Amino acid sequence: MSIRVDGPNEYRLDHGDVAAPGEGEVLVALDSAGICGGDLSHLRGRNAVAAYPTVLGHECAGRVSRVGPGTSLTVGQPVMVYPTTGCGRCRACRDGRINNCPSIRVFGLSDPRGCFSEEFVVPETQCVPVSDSVLDRFGALVEPLAVGVHVVRRGGASEGDTALVIGTGAIGLATTLVARSRGVRVFGVDRYTEREQPALACGMSDFTTDSGAALEGWLRDRTDAVDLVYDTVCTDESSRLALRVLAPGGRYVAIASAKPGHELTLDYSTLYARELSVVACRNYVRQDFVEAAELLESGKVDASPLHTATFPLDEFGRAVEELESNGSKHVKVLLTSRKLLGTRALLRKE
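Read in the UniProt record's numbering, the sequence shown has 209 at position 209, and its numbers run on one by one without any break.
Next up, the structure:
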């Protein structure tokens with residue numbers, strides 16, 4: 001069974017047979033998959049890169065259940081799926097920056113093969129082996145953590161830095177977890193009070209829903225310098241805030257997924273006077289998945305505060321309704337097969 005989207009607001013449970021893996025491919029049995037904003041935008045017809053029909057899902061973990069010819073993975077191997085492919089020919093691809101390829105395709109979005117399926121076929125090259133313990137404890141939570149690894153690396157965080165995270169959803173909190181593992185002190189701001197508990201659980205020193213001058217005063221009471229701003233919103237308002245609070249030499253790290261025509265107006269005089277840097281981050285590269293899994297395996301990061309609910313695949317509609325009705329109380333909602341539901345903490349319905 002899989003979740004197939006035939007067009008905007010049109011989805012169904014597809015009980016058709018899954019193809020056998022071909023040359024260089026493996027069949028993966030789903031363990032857990034995360035629902036992200038991109039999936040909801042795709043479902044509702046708001047995603048500019050969406051393909052139809054599509055099996056949704058790109059945040060996925062599972063076990064290899066069958067291998068095709070020319071593969072080296074073994075049946076039973078736990079894996080994360082690295083969902084991004086590029087053309088393989090452009091400068092970005094040659095430099096290992098597949099996430100910057102002009103022809104980028106993402107599993108379950110612009111690539112119609114997704115992972116909201118009890119089993120799915122994927123090229124072996126898109127599988128990142130992980131340990132049993134990482135799969136069992138964190139599953140698909142590795143994917144947002146890989147975004148955090150990419151963001152923190154791109155932003156150049158150092159031990160002893162202080163950071164402000166604007167927007168404490170899944171990506172803001174995943175970035176927090178990775179930054180904390182690097183010795184960064186983190187503060188957070190969000191418009192929803194429900195985000196405070198998971199923010200503090202992820203290691204933030206403090207959290208506020210203040211805005212404008214009140215927020216700036218709140219920050220001044222807690223630190224004399226903000227070295228990094230991680231902006232998961234990227235509006236003119238949030239970017240102006242970032243430039244106002246950053247210390248000389250600080251870095252404004254823009255994380256939000258860009259929409260068509262998405263523009264920001266930045267005050268160059270402020271950038272110039274304080275020699276501020278602007279860094280943009282898009283998705284991740286394969287190595288970010290490897291490092292995310294290593295952080296979890298070593299115990300340097302515990303991603304469990306990101307998990308707020310799990311639904312079986314056949315209740316996808318209820319999961320979407322919950323996210324769209326009560327999104328402020330959720331960080332990451334997972335899907336799993338009904339036979340795995342409730343078998344361990346990560347897969348308990350909450």
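Heads up, the beta-carbon is just placed ideally off N, CA and C, and yes, glycines get one too. Treat the numbers as computed from the prediction; the structure is a model and nothing was measured.
Closest in alpha carbon position to Arg286, among Glu196, Ala61, Thr223, His150, is His150. Here Val18 has Glu119 as same chain residues with Cβ atoms under 6 Å from its own Cβ, once five neighbours each way along the sequence are excluded.
Beta bridge pairing from DSSP links Asp111 with Phe107. Taking a cut-off of 8 Å for Cβ pairs, the stretch 262-271 and the stretch 160-179 do not touch, as fewer than three such pairs fall below it.
For Thr308, the enclosing beta strand (DSSP E) starts and ends at 307-312. Within 10 angstroms of the beta-carbon of Thr343 lie fewer than 16 other beta-carbons, which makes it exposed.
Taking a C-beta distance under 8 Å as the contact criterion, Met80 and Val130 qualify as a contact pair. Our two residues, Arg94 and Pro102, have alpha carbons roughly 13 Å apart in a direct line.
With a contact defined as Cβ atoms closer than 8 Å, Leu43 and Tyr11 qualify at about 6 Å. Taking a 10 Å sphere around the C-beta of His15, we find fewer than 16 other C-beta atoms and assign the residue as exposed. Within the same chain, Ser110, Pro112 come within 6 Å of Ala51 by CB-CB distance, once the 5 residues on both sides are set aside. Here Asn47 is not near Arg282, since their CB atoms are 8 Å or more apart.
In this structure, DSSP gives Ala256 a state outside helix and strand, which the three-state scheme calls coil. Counting only the Cα atoms, Gly217 lies some 42 Å from Ala92. Pairwise C-beta distances place the stretch 295-311 in contact with the stretch 331-339, as three or more of them are shorter than 8 Å. With contacts defined as CB atoms closer than 8 Å, Phe187 and Asp161 fail to qualify as a contacting pair.
Here Pro53 is exposed: its Cβ has fewer than 16 other Cβ atoms, across all protein chains shown, within 10 Å. Under the 8 Å Cβ criterion, the stretch 68-83 counts as touching the stretch 130-150, having at least three qualifying pairs. Of the candidates Leu347, His58, Pro21, Gly38, Leu347 places its Cα closest to the Cα of Ser304.
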